[in-house]
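This report refers to the structure that appears directly beneath it.
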Amino acid sequence: MNEDYKIWFEHITMAFPGVLALDDVSFGIKKGTVHIMMGENGAGKSTLMKILNGSYIQTDGKVMISGKEARFKSALDAEANGVAMIYQELQYLPDFTVEKYLMMCREPRKLGFINWRAVTKEAEKILKDEDLQYDPKETMRNLTVSDIQLLEITRAIKANKVDILIMDEPTSALSNAEVDRLFANIQKLKERGITIIYISHKMDEIFRIADYITVMRDGKHIETAPAADFTNESLVKMMVGRELSNTYPKEHVEPGNVVLEVEGLTSSYNKLKDVSFKVRKGEILGLGGLMGAGRTETVRCIFGLDPFEAGRVKVDGREVHIRNVEDAVRSGIAMASEDRRRFGLIMCRDIRENISISSLKKVSALHFLNKKKEKNMVAAFFGQLKIKAPGDEMIVQNLSGGNQQKVVLAKWLMSDPKVLILDEPTRGIDVGAKYEIYKLMVELAKQGIAIVMISSELPEFIGMCDRAYVMYGGRITGELTREEMTQENIVMLSTGGEHETN
1 MNEDYKIWFE
11 HITMAFPGVL
21 ALDDVSFGIK
31 KGTVHIMMGE
41 NGAGKSTLMK
51 ILNGSYIQTD
61 GKVMISGKEA
71 RFKSALDAEA
81 NGVAMIYQEL
91 QYLPDFTVEK
101 YLMMCREPRK
111 LGFINWRAVT
121 KEAEKILKDE
131 DLQYDPKETM
141 RNLTVSDIQL
151 LEITRAIKAN
161 KVDILIMDEP
171 TSALSNAEVD
181 RLFANIQKLK
191 ERGITIIYIS
201 HKMDEIFRIA
211 DYITVMRDGK
221 HIETAPAADF
231 TNESLVKMMV
241 GRELSNTYPK
251 EHVEPGNVVL
261 EVEGLTSSYN
271 KLKDVSFKVR
281 KGEILGLGGL
291 MGAGRTETVR
301 CIFGLDPFEA
311 GRVKVDGREV
321 HIRNVEDAVR
331 SGIAMASEDR
341 RRFGLIMCRD
351 IRENISISSL
361 KKVSALHFLN
371 KKKEKNMVAA
381 FFGQLKIKAP
391 GDEMIVQNLS
401 GGNQQKVVLA
411 KWLMSDPKVL
421 ILDEPTRGID
431 VGAKYEIYKL
441 MVELAKQGIA
451 IVMISSELPE
461 FIGMCDRAYV
471 MYGGRITGEL
481 TREEMTQENI
491 VMLSTGGEHE
501 TN
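Shown next as structure tokens:
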């Protein structure tokens with residue numbers, strides 16, 4: 001092992017029942033650098049990081065930190081020894097105050113009781129040292145995702161004197177301004193000699209901060225080199241093991257009759273005002289705009305998740321009255337939420353149960369589940385969507401993000417929807433899995449399904465949509481044809497301006 005390396009992975013192998021997650025992985029990470037981990041979902045990068053932070057114990061091999069073997073019993077043990085991980089799903093308690101969160105598990109005590117005056121004093125010192133302008137008495141639920149993430153990093157660095165920080169998809173729910181703020185903080189941490197391991201799929205971001213990049217594929221180490229040695233194209237080829245002929249495999253599908261029509265949708269609950277649009281059979285329609293513009297709020301009303309007091313929703317020309325999700329599904333509307341883990345899946349249940357749950361009437365007779373029929377129907381979608389798993393009895397939480405998203409889509413496709421709403425369908429999944437989702441969208445459009453797509457990634461939005469409506473302040477500010485769909489026009493409408501027509 002070279003002395004320049006803060007961390008050295010030596011022949012790491014990790015086997016789960018039926019799956020070899022890591023296969024003889026060896027490489028090093030230098031001290032005080034930003035080291036990017038890249039690979040498709042299921043490539044093994046998160047598993048390797050969970051070995052480093054004590055969540056898993058490897059089947060074989062050694063992890064060396066500063067020249068000494070490290071084998072942590074738990075994530076808490078790893079933190080106590082200077083290794084912390086910031087997860088994609090932030091780990092916090094919404095009802096805690098900032099001071100309580102920062103000092104959690106290390107509160108000063110007096111006569112066996114927590115000394116709250118000392119807690120406040122210590123929290124104020126931490127915030128001052130880090131130049132953070134937060135009220136120690138503020139409740140965590142009132143903060144933005146960016147604020148919570150920054151406090152989580154601060155807690156790890158200050159509370160446990162961490163010098164190795166692992167960040168898993170840290171920008172997945174951040175705005176552009178919040179990403180800039182995060183990167184500025186990463187630079188400060190690097191200047192303090194902290195080693196940062198950063199898991200990401202976002203090509204446009206990684207080259208802004210990366211010193212080194214490691215690529216993994218199918219549980220194997222493919223390459224580790226300075227970031228300057230890579231291009232977008234070479235990274236994609238290494239990650240997927242092949243060249244992707246077209247990033248967005250969009251095909252022209254002649255749109256049919258109007259399937260979904262929304263007229264004058266108004267919701268004081270979701271701050272929507274007179275939202276109207278139409279989607280045709282076989283069309284991929286985009287709903288664009290910035291976060292909070294009303295995109296997700298609109299589709300939540302259409303899908304029966306949130307109330308609206310005015311407006312009409314029509315399916316195939318017939319007005320439907322949607323009071324809940326069951327009404328929406330019965331009317332032929334399905335929706336894959338932007339947060340699949342919270343709203344799309346039962347994480348502790350298996351693939352088969354997650355897929356069939358939306359269509360139990362199809363696989364039941366006299367209120368009893370026909371398991372053979374269920375298994376056969378699920379198997380058809382399992383194959384159609386190319387879900388990568390040993391079988392349909394695998395627990396969903398053990399799947400990669402891309403395969404979890406495929407399970408969500410399979411669940412709704414089993415309900416035979418006429419309209420499929422996809423809210424951030426590729427968030428948190430790798431480039432190879434994204435490509436498979438895009439191809440599936442095209443196939444569904446060919447089958448005549450009307451697709452409504454929300455995406456914050458403009459290249460994806462432009463590459464996949466036939467037509468788009470853009471929202472600002474709870475209203476639709478304009479409609480764009482495929483020819484008019486440029487980044488300039490979308491940004492202009494997203495900020496309340498008018499687009500240029502061809």
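When we follow UniProt numbering, the leftmost residue of the sequence shown carries the number 1, and every step to the right adds one.
No residue lacks a Cβ here, since even glycine has one placed at the ideal position from N, Cα and C.
Bear in mind the structure is a predicted one, so any value in this text is a computation, not a measurement.
**Message:** Between the alpha carbons of E483 and D204, how many angstroms are there, rounded?
**Reply:** E483 and D204: Cα-Cα distance of roughly 24 Å.
**Message:** Rounded to whole angstroms, what is the Cα-Cα separation between D327 and H321?
**Reply:** Rounded to the nearest angstrom, the two C-alpha atoms are 7 Å apart.
**Item:** CB-CB length for E309 against S267, believed under 8 Å
**Value:** Indeed, because the Cβ distance is near 7 Å, the residues count as touching under 8 Å.
**Item:** 8 Å CB neighbourhood of D77 in its chain, flanking five on each side removed
**Value:** Once the five neighbours on either side are set aside, the close Cβ partners of D77 are G54.
**Request:** Check whether the Cβ of D24 lies closer than 7 Å to any heavy atom of the ligand SAM, and answer yes or no.
**Result:** What this structure holds is no ligand at all, so the ligand SAM is not there to describe.
**Request:** Note down, in chain order, each residue of its chain lying with its Cβ closer than 7 Å to the Cβ of R181, except the 5 sequence neighbours on either side.
**Result:** Result list for R181: S146, in chain order.
**Item:** Simplified DSSP state of I153, which is helix, strand or coil
**Value:** Three-state DSSP puts I153 in a helix.
**Request:** Following the continuous alpha helix (DSSP H) through R208, name the residue where it begins and the one where it ends.
**Result:** Segment M203 to I209, the alpha helix (DSSP H) holding R208.
**Message:** Is it the case that the stretch 57 to 69 contacts the stretch 3 to 13, given that we only count it when at least three CB pairs across the two stretches are under 8 Å?
**Reply:** With a cut-off of 8 Å, the stretch 57 to 69 and the stretch 3 to 13 count as touching, because enough Cβ pairs lie within range.
**Request:** Counting only the same chain and skipping the five closest in sequence on each side, list residues whose C-beta sits under 8 Å from that of T296.
**Result:** The residues are E338, D423 and I454.
**Request:** Name, in chain order, the residues that DSSP records as bridge partners for D350.
**Result:** Looking at the DSSP output, D350 sits in a beta bridge with I395.
**Asked** Using the C-alpha atoms, what's the distance from L22 back to T47?
**Response** Looking at the backbone, the Cα of T47 and that of L22 are separated by about 8 Å.
**Message:** So, at 7 Å on beta carbons, what are the nonlocal neighbours of R323 in its own chain, with the 5 sequence-adjacent residues on each side left out?
**Reply:** Once the five neighbours on either side are set aside, the close Cβ partners of R323 are G304.
**Prompt:** Nearest to S26 by CA position, among K45, E40, F16 and R280, is which residue?
**Reply:** Comparing C-alpha distances from S26 to each of K45, E40, F16 and R280 shows the shortest one belongs to K45.
**Request:** Measure the Cβ-Cβ separation of L260 and V315 and say whether it is below 8 Å.
**Result:** Yes, the pair counts as a contact, with Cβ atoms nearer than the cut-off.
**Message:** Using 8 Å for Cβ pairs, my map puts V253 next to A468. What's the rounded Cβ distance?
**Reply:** The pair is not a contact, with the Cβ atoms about 16 Å apart (cut-off 8 Å).
**Request:** Below 7 Å CB to CB, which residues in the same chain sit around Y56 once its five sequence neighbours on both sides are set aside?
**Result:** Closer than 7 Å at Cβ, skipping near neighbours: M14, T47 and K50.
**Request:** With distances taken Cα to Cα, identify the nearest neighbour of G42 among I387, K373, N370 and A75.
**Result:** Nearest neighbour of G42 by Cα position, chosen from I387, K373, N370 and A75, turns out to be I387.
**Asked** For L480, which beta-bridge partners are listed by DSSP?
**Response** Residue pairing by DSSP puts L480 in a beta bridge opposite A468.
**Prompt:** Is the CB-CB distance between A334 and L420 below 8 Å?
**Reply:** In terms of Cβ geometry, A334 and L420 form a close pair [threshold 8 Å].
**Message:** Comparing C-alpha positions only, which one of L127, D306 and N376 sits nearest to N270?
**Reply:** Here the closest residue by C-alpha is D306.
**Message:** Could you tell me the alpha carbon to alpha carbon distance between F343 and I164, rounded to whole angstroms?
**Reply:** Rounded to the nearest angstrom, the gap between the Cα atoms of F343 and I164 is 33 Å.
**Asked** Pairing CB atoms from the stretch 190 to 206 with CB atoms from the stretch 217 to 224, are three or more of them under 8 Å?
**Response** The stretch 190 to 206 vs the stretch 217 to 224: no contact.
**Helix, strand or coil at T296 according to DSSP, with G and I counted as helix** = Helix, per DSSP.
**Message:** On the criterion of 16 or more Cβ atoms from any shown chain inside 10 Å, does G383 qualify as buried, or is it exposed?
**Reply:** The residue in question, G383, is exposed, as its Cβ has fewer than 16 Cβ neighbours within 10 Å.
**Asked** Under a three-way DSSP split, which group does V419 fall into?
**Response** DSSP, reduced to helix, strand and coil, places V419 within a strand of the structure shown.
**Item:** I490 (DSSP reduced to helix, strand or coil)
**Value:** The three-state reading of DSSP puts I490 in helix, counting H, G and I together.
**Item:** Per DSSP, the bridge partner or partners of H35
**Value:** According to DSSP, which records beta bridges pairwise, H35 is partnered with I197 and Y212.
**Message:** Please report the distance separating the alpha-carbon of F277 from that of E263.
**Reply:** Their Cα atoms are separated by approximately 7 Å.
**Prompt:** Considering only the beta carbon of each residue, do A80 and L102 sit closer than 8 Å?
**Reply:** At a Cβ-Cβ threshold of 8 Å, A80 and L102 do not count as neighbours.
**Prompt:** Can V491 and G478 be called in contact, C-beta distance under 8 Å?
**Reply:** No, Cβ-Cβ distance for V491 and G478 is not below 8 Å.
**Prompt:** Going by the CB atoms, is the gap between I29 and I197 shorter than 8 Å?
**Reply:** In this structure, I29 lies closer than 8 Å to I197 by Cβ.
**Request:** Might you give, ordered along the chain, the residues of its own chain that have their beta carbon closer than 6 Å to the beta carbon of I395, omitting 5 neighbours on each side?
**Result:** For I395, same chain residues with a beta-carbon under 6 Å away, outside a window of 5 residues either side, are D350 in chain order.
**Prompt:** Taking the Cβ atom as the reference point for each residue, do E138 and T171 lie within a distance shorter than 8 Å?
**Reply:** Going by C-beta atoms, E138 is not nearer than 8 Å to T171.
**Straight-line gap, K375 to R352 (C-alpha atoms, nearest Å)** = Their backbone Cα atoms lie some 7 Å apart in a straight line.
**Message:** For the alpha helix (DSSP H) containing R117, name the first residue and the last one.
**Reply:** Secondary structure note for R117: its alpha helix (DSSP H) is the uninterrupted segment W116 to D129.
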